[in-house]
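Chain order of the listed sequences is A, B and C. Residues in the first sequence are numbered from 1 upward in steps of one, following our numbering. Residues in the second sequence are numbered from 347 upward in steps of one, following our numbering. Residues in the third sequence are numbered from 858 upward in steps of one, following our numbering.
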Amino acid sequence: MSDVRIEGLTKSYGAAPVLQGLDLHVAAGSITSVLGPSGCGKSTLLRIVAGFVRPDAGCVRVGDRVVDDASTHVPAQRRGVGYVPQEGALFPHLTVGQNILFGLPRLCRTATRLDEMLELAELPQDLARRYPHELSGGQQQRVALARALAPRPVVVLLDEPFSSLDTTLRVSAGRSVARVLRHAGATAILVTHDQGEALSLSDEVAVMRAGRFVQVAAPGTLYNRPADPAIALSVGGGTLLPGTVTGHRVRTELGELSTSQVSGDGEALVLVRPEQLDLGSSPFHAISARVRDVDYHGAQIVVVLALPSGHTVTARGPATAPPAIGDEVGIRVLGEVRTYPAAEVS
Amino acid sequence: MNPRGRTALSPLPLVIGAAVAALTLIPFGYVLVATVDMGLTQLLELLLRPRVGELLSNTVLLLLGTVALSLVLGVGGALAVVRTDVPFPLVWHALLSAPLAIPAFVNSYGWVSLTHAVQSYPGAVLVVSLSYYPLVYLPVVASLSVLDAASEEVAWSLGRSRVRTVATVVLPRIAPAVLGGALLVALHVLAEFGALQLLAFQTFTTAIYGQYRSAFASEGGTVLAGVLVTACVLLLTLELLARGRRRWARVGSGTGRPAEPVRLGRARLPVVLVLVGVVALTLGVPLYALGRWLVLGSSTEFVTSELASAFGSTLGLAAGGALLTTLLALAPAWLAVRRRGMLAVLLERATYTANALPGIVVALALVWVTIRVVPSIYQTLPVLLAAYAILFLPRAVVSVRSSLEHAPVVLEEISHSLGQSSWNTFRRVTVPLVAPGLGAGAALTFLAISTELTATLILAPTGTSTLATEFWSDSSAVRYGAAAPYALLLILVSLPATWLLARQAQPRESS
Amino acid sequence: MHALRWLMLTATLAAFSMLGACSGDDGPKVVVYNAQHEELISVVAEAFTEETGIKVELRNGSDLELANQIVTEGDASPADVFLTENSPAMAFVGSRDLLAPLGATTLENIPARFRAADDHWTGFAARSTVLAYNTDQVSTEELPDSLMELAEPQWRDRISFSPTGADFQAIVAAVLDLEGEEATREWLEGIKANGTVYDGNNVVLESVNSGQSDAGVIYHYYWYRDQEESGVNSDNTALHYFEAGDPGAFLSLSGAALLANGDNPEQAQEFLDYLTGTEGQQVIADSYALEFPLNPAVQLDRAGVPALSELSPPEVDSADLDSETVIRLMTDVGFL
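#1: Below 8 Å between beta carbons is the criterion; list the residues of the segment 43-69 of chain A that meet it against any residue of chain B, in chain order.
#2: Quick check: the Cα distance between Trp594/B and Ala523/B, rounded to an integer number of angstroms?
#3: So if I threshold CB-CB distances at 9 Å, which residues from the segment 932-952 of chain C count as touching chain B?
#4: For Gln140/A, does the count of other Cβ atoms within 10 angstroms reach 16, so buried, or fall short, so exposed?
#5: Got a sec: is the Cβ-Cβ distance from Asn925/C to anything in chain F below 7 Å?
#6: Tell me, to the nearest whole angstrom, how far the beta carbon of Leu574/B is from that of Phe550/B; I am working on the premise that it is less than 8 Å.
#7: So with CB distances below 7 Å, who are the chain A contacts of Glu751/B?
#8: Is Val755/B close to chain A? Criterion is C-beta to C-beta, closer than 7 Å.
#9: To the nearest angstrom, how far is the alpha carbon of Val473/B from that of Leu529/B?
#10: Looking only at C-alpha atoms, which of Arg1185/C, Asn1121/C, Ala1142/C and Ile927/C sits nearest to Pro1163/C?
#11: Report the rounded CA-to-CA distance for Glu691/B versus Tyr376/B, giving the unit in angstroms.
#12: With 16 as the cutoff for other CB atoms within 10 Å, does Trp769/B come out buried or exposed?
#13: Does DSSP put Gln300/A in a helix, in a strand, or in coil?
#14: Could you give the first and the last residue of the continuous alpha helix (DSSP H) run that contains Ile347/A?
#15: Alpha carbon to alpha carbon, how far is Leu425/B from Glu999/C? Give it in angstroms, no decimals.
#16: Give, in chain order, every unbroken run of the alpha helix (DSSP H) that is at least 4 residues long and sits entirely within the segment 298-335 of chain A.
#17: Round the Cβ separation of Pro607/B and Asp431/B to the nearest angstrom and send it over; I've been treating them as touching at under 8 Å.
#18: With C-beta atoms as the reference, is Tyr558/B less than 7 Å away from Asn925/C?
#19: Name the chain B residues whose beta carbon is nearer than 7 Å to that of Pro151/A?
#20: Going along the segment 93-115 of chain A in order, which residues come within less than 7 Å of chain B, judged by CB to CB distance?
#21: Could you tell me the alpha carbon to alpha carbon distance between Ile706/B and Tyr555/B, rounded to whole angstroms?
#22: Could you check the C-alpha separation between Leu101/A and Ile448/B for me, to the nearest Å?
#23: Roughly how far, in whole angstroms, is the beta-carbon of Ser1144/C from the beta-carbon of Val900/C, given that I think they are within contact range, below 8 Å?
#24: If you pair each beta-carbon of the segment 397-417 of chain B with each one of the segment 477-484 of chain B, do three or more pairs fall below 8 Å?
#25: I need the DSSP call for Ser745/B, collapsed to helix, strand or coil.
#26: Comparing C-alpha positions only, which one of Leu1168/C, Val1054/C and Asn1121/C sits nearest to Gly1105/C?
#27: Run through chain A and tell me which residues come within less than 7 Å of Leu779/B, C-beta to C-beta.
#28: Which residues bound the beta strand (DSSP E) around Asp159/A?
#29: Going along chain B, which residues have a C-beta under 7 Å from Asp954/C?
#30: So is the beta-carbon of Arg113/A under 6 Å away from any non-hydrogen atom of the ligand ATP?
#31: By the 9 Å beta-carbon criterion, what residues does the segment 550-562 of chain B contribute toward chain C?
#32: Report the option in Gly255/A, Thr44/A, Arg78/A and Tyr340/A whose CA atom is closest to the CA atom of Gly264/A.
#33: Expressed to the nearest angstrom, what Euclidean distance is found between the alpha-carbon atoms of Leu1045/C and Val1190/C?
#34: Whose CA, out of Leu835/B, Pro807/B and Leu803/B, lies closest to the CA of Gly918/C?
#35: Helix, strand or coil: which one does DSSP assign to Gln830/C?
#36: Determine, for Val81/A, whether the minimum Cβ-Cβ distance to residues of chain B falls below 7 Å.
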């Protein structure tokens, strides 16, 4: 397995810039997610790494081999980069077994290899003779992955692989794919617009917006220290409130909160995650707010609260003692908060 | 949708496509050279005369009439078979596809020997449409069978009647199939000679033969051929505009759910009667006429060796020609669908021009070229097969192109990412995916070649006799009885290709 | 994919079988481009091969294909002998200087009036122009003495003919030769106004038989052949010969010629000697063709068919017809 290094990647279609100078390093054997809304250019990035599209400028290196730069373009078939597109795109005219062995040289298309791959992809042996249309969506996805992994590619690319699956299937399919990838020790780049998928499946997440990476970090870092308020809201969600920073203290409508950030004093926006808000009636729950809305998410509830100033905040907690709409409740903030200089958000 | 760029454009398909286009442009070049040789004054003199206007209006009227009637019969038949609870849909499907196996001139011959009323404009429209409507019927059946019912059901739920649903939701979605079928009918009618000769209806094609027959290598014939090519180019441009920039590829999820058949209720009997009527007209009349000649004709004889030899060479020529033509069709069709550039479209369209030229012009052009450039292969099989390819390439390109349009590009990309070269991808992914189109193209070409006359006479190795040459030789010598067995064998030899086309379009069995 | 494999297999098998059929031995042979009816000439060719041991490679087609083909081939033509169904095709090839002079035996076999003046081609069979009429719709008193009468108003919407064939062109050429250009133009305009155009003599005959038209201009043998075949297309009709010397009594010639650049000139000459000699002419006379043999030693002896000597064709040099003017007139009138 090799690492992937992307430097200064640029691509436009006509006058419309799609990628505007991307840099990314994917370590060997790791899974990196590229997270962003549709149309941000993430699929184009993947198609460039796969070799389907040639960049306007920049360099792509797989291991120690340059596959794309100003003078080089290695065609897709000589890159050794596996590709799993949306909906799997299995060859409809071939059986599952033929699909999986498709990329291997004729002599290597053996039953042993097929069994290995089926086992790796957690698929039952008797599936090998079926045709793609006889499979469920999740199975199709895993066959597509097995097909991409069979020739032992240096890198595997997954383009929104779970977007066609329903929500419950998505989680289990995602986990199983990540497990297969780790088991195979593959370097993988996964493109998705689902932050849950990105955070739970990958070692690193690259957040993309309008053709640029705005933050590349491990899931924990991304969640705890989002680089800007927009990332914060798209990853994990929460509420932004105005505040005033003095050293490691921030004064807000929710009281004086602490932050470990080193930043200049003055006006700031303060990020409060929903799970940081604790409802209760103890003396520590000094701030009072009115319940606007209560949403049930299985064992948890999400409560929307209106503060006296009119700002609303969102809290998440166990569904054991839910408040009713219109109730007056006390709230407090747990842990440290992130602050962003007010000028950054116009 | 993601913007799609292409990389590493291999020049090979373009080179092959250009070679195929160059081959098909040989007759066009021949006509062009002859026209330029003539000089403007003579050209205008030959062009601007009442006869040309008369032929033009005849040709256009015939084209409009047959396309319209073929659409009515083809779409109507397809809706009845696929979308209603008419009894025995598969039997009707076979019967409605079967006219493809009866060559148009055999059909005309049957009609003319029954009534001379068909030797008129309405008669010509009727008889030619009865021969060619399956070219609309088959693609429409195929397209209706895979149409997902969901959008139709939405339309009903929004309060539309079933009839209006068909008009507003179903018809637009089968439009590509209808359009493709209509183009095929138009191309066949433009090139039709034998049937129209029997129906005594003069078009550009029959007039060109008349010119070559009376005045021989005449300037008049060449000018008429030039007009015909122009008409063909116009037709192709119209079709290109009509198809627009849509794409039809669909990935995964398989085919949609078919709609519930419409219950005909009291309309059932009338619908069945109409179908019986169509079958009687398309199959009953020509078969009855052939049977009558077999019994009445004193020259009727079954010389097994002659019949077998003509049958064998027809089968061989048609199979070889169909194979070559279909393979040649791959490059221009692939370019048109996958590259979609100006050059690609031009190359693809170039392959259509020869279709408008009568066999005599194409054959003489090849005589002219081979005898001067490669005399050693003159009157050998390869030249004849090349002539077939030039004449019938469009029929194969239309089929291959439509199946390519339905084959998702992503599958080819996957194959590349799995380390397969362009050639391997083509062989292992593209060709199997377009196999139905290749089969249909080969079948259509097979049918056309088995009835081809003029190019076969001029270019075949000396001593070759086919079912078509024998049929014409006997029937023009008033030996109708002797001609009839050849006509029967022509139908027989056409059956497998017809069966293939019918089976591909087969509606799914509904309970 | 199965269909394609099947196709490939069939094509390969058939290609092999055809190659086998084509690979001839290297014995003496003659290549004949035959635009006469195949059934007729193949019988003559078989008899010729039996007699001489010279193999005949017969390439069949019609005047349309073969004349255009020979001219397009030019000097490189593989043909040794060209046989036409009618004279204009031969005149066309002759006008391109592709024919060689005929040998003495052939010239002796056929009377001079059935040969080209320059001895570059000869007739080997003839057919007479006739009027086929529907016996229910035309009374014998009405029958015209002359072909020219068909352009007159009493025949309006009653006649049919096939003007695009070379056959009709020969008839027009005879009219032109006898009546002059102006009269020919008027006659063409007249029959265009009066008649229905069909493609082919057999279609004309059928239309007369079915009553679509009252009378049609055809060649005699179409009627006799149909009678021998079944009568289905001619039982309601009878034949009328135009009066002696009329353009309508014109005899059209099927021509035979040697190609100047043929590879087998001796065998070709031998074939023409045979074709015009008594044996070959007898084969034609005995065949289904019902055309008149031209060697005076042989007679068409069939019930109901007049002898060649009974016909009185006009004094027209059928070998020297002005086809250029004919084409121009027919184009002007709008037949082509």
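Glycine included, each C-beta is placed from N, C-alpha and C at the ideal position. Nothing here was measured: the structure is a model prediction, and the numbers come from that model.
If we stick to the structure as given:
#1: Listed in sequence order: Ser43, Thr44, Arg47, Ala50, Gly51, Phe52, Val53 and Arg54.
#2: Unreliable placement is indicated for Trp594/B, whose pLDDT of 45 sits below 50; no coordinate value is reported for it.
#3: Taking 9 Å as the upper bound on Cβ-Cβ separation, chain B lies near residues Ala933, Ser934, Pro935, Pro945, Ala946, Phe949 and Val950 of the segment 932-952 of chain C.
#4: By the 10 Å Cβ count, Gln140/A comes out buried.
#5: Protein chains A, B and C are contained in the structure displayed, whereas chain F is not.
#6: With a contact defined as Cβ atoms closer than 8 Å, Leu574/B and Phe550/B qualify at about 5 Å.
#7: Chain A residues near Glu751/B: none, gap ~15 Å exceeds 7 Å.
#8: Closer than 7 Å to the CB of Val755/B there is not a single CB belonging to chain A.
#9: If you take the alpha carbons of Val473/B and Leu529/B, they lie about 18 Å apart.
#10: Nearest option by C-alpha distance: Ala1142/C.
#11: It is worth fixing the name first, because residue 691/B is Val in this sequence and not Glu. So the two alpha carbons sit approximately 23 Å from each other.
#12: Counting Cβ neighbours within 10 Å, Trp769/B comes out exposed, since fewer than 16 surround it.
#13: For Gln300/A, the three-state secondary structure derived from DSSP is strand.
#14: Since the first and last residues shown for chain A are 1 and 346, residue 347/A lies out of range.
#15: If you take the alpha carbons of Glu999/C and Leu425/B, they lie about 57 Å apart.
#16: The segment 298-335 of chain A contains no whole alpha helix (DSSP H) run of 4 or more residues.
#17: Their Cβ separation, rounded to whole angstroms, is 5 Å, which keeps Pro607/B and Asp431/B in contact under 8 Å.
#18: Yes, they are a contact pair.
#19: Under the 7 Å cutoff, chain B gives Leu764 and Gly765.
#20: The segment 93-115 of chain A vs chain B, Cβ under 7 Å: His93, Phe102 and Gly103.
#21: When rounded, the distance between both Cα atoms is 7 Å.
#22: Whole-angstrom Cα-Cα distance: 46 Å.
#23: With 8 Å as the limit, Ser1144/C and Val900/C qualify as a contact, their Cβ atoms being about 6 Å apart.
#24: Yes, the segment 397-417 of chain B is in contact with the segment 477-484 of chain B.
#25: In the structure shown, Ser745/B sits in a helix (DSSP, three-state: H, G or I).
#26: Of Leu1168/C, Val1054/C and Asn1121/C, the smallest CA-CA separation from Gly1105/C is found for Leu1168/C.
#27: Neighbours of Leu779/B in chain A, taken as residues whose beta carbon is under 7 Å from its own, are His93 in chain order.
#28: Val155 to Asp159 is the span of the beta strand (DSSP E), which, as asked, contains Asp159/A.
#29: Per Cβ cutoff of 7 Å: no residues; Asp954/C is ~15 Å from chain B at best.
#30: The ligand content of the structure shown is nil, which means the ligand ATP is not present either.
#31: The residues in question are Thr552, Ala553, Tyr555, Gly556, Gln557, Tyr558, Arg559, Ser560, Ala561 and Phe562.
#32: Cα-wise, what sits closest to Gly264/A is Tyr340/A.
#33: Taking the straight line from one Cα to the other gives about 7 Å.
#34: When each option's Cα is compared against that of Gly918/C, the closest is Leu803/B.
#35: Because chain C spans 858 through 1193 in this model, residue 830/C falls outside it and cannot be assessed.
#36: Yes - at least one Cβ of chain B is within 7 Å of the one on Val81/A.
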